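Below: one structure, written as structure tokens.
Numbering (my numbering), first residue to last: 2 to 113.
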């Protein structure tokens, strides 16, 4: 099993959520987060300079079976990308075991 964690633009969350549901990823957790990015310049809007060092993003945490890793990552990339700096990052790590609290089941079938 794999844990796919993604930090994406908040404005792309609806697209990502819809795309993940379309490929069969129906359960995940998400949080609103603030981070620091590589962008050093501020933006000016109507003569007022705004700092872009604190970036509002959405953090997704998704656990999938190994055979769903590639489609999950591909789906996030395709649905979250704008082609601009600040589109986000995806991290993939191994999950040793998962348990369903209600029944005590363990293993990959608990993700279905």
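Ideal Cβ placement from N, Cα and C applies to all residues, glycine included. None of these values were measured; they are calculated from a predicted model.
DSSP places residue 82 outside both helix and strand once states are collapsed to three, so it counts as coil. Counting along the chain, the unbroken beta strand (DSSP E) around residue 3 starts and ends at 3-10. Annotated as distal: residue 13 and residue 93, with beta-carbon spacing of 7 Å or more.
Residue environment: residue 69 is assigned as buried (16 or more neighbouring CB atoms within 10 Å of its CB, all protein chains considered). Sequence-distant partners of residue 10 (beyond 5 residues in either direction) whose C-beta falls short of 8 Å from its own C-beta, in its chain, are 58, 59, 81, 83, 87, 88 and 89. Rounded to the nearest angstrom, the gap between the Cα atoms of residue 8 and residue 105 is 31 Å. For residue 20, the closest C-alpha among the options 79, 103, 65 and 34 is that of 79.
With a beta-carbon spacing of about 21 Å, residue 63 and residue 35 fall beyond the 8 Å limit used to define contacts. Non-local C-beta neighbours of residue 109 in its own chain, meaning closer than 7 Å and more than five positions away in sequence, comprise 2 and 66, ordered along the chain. In the displayed model, residue 89 falls within a strand according to three-state DSSP.
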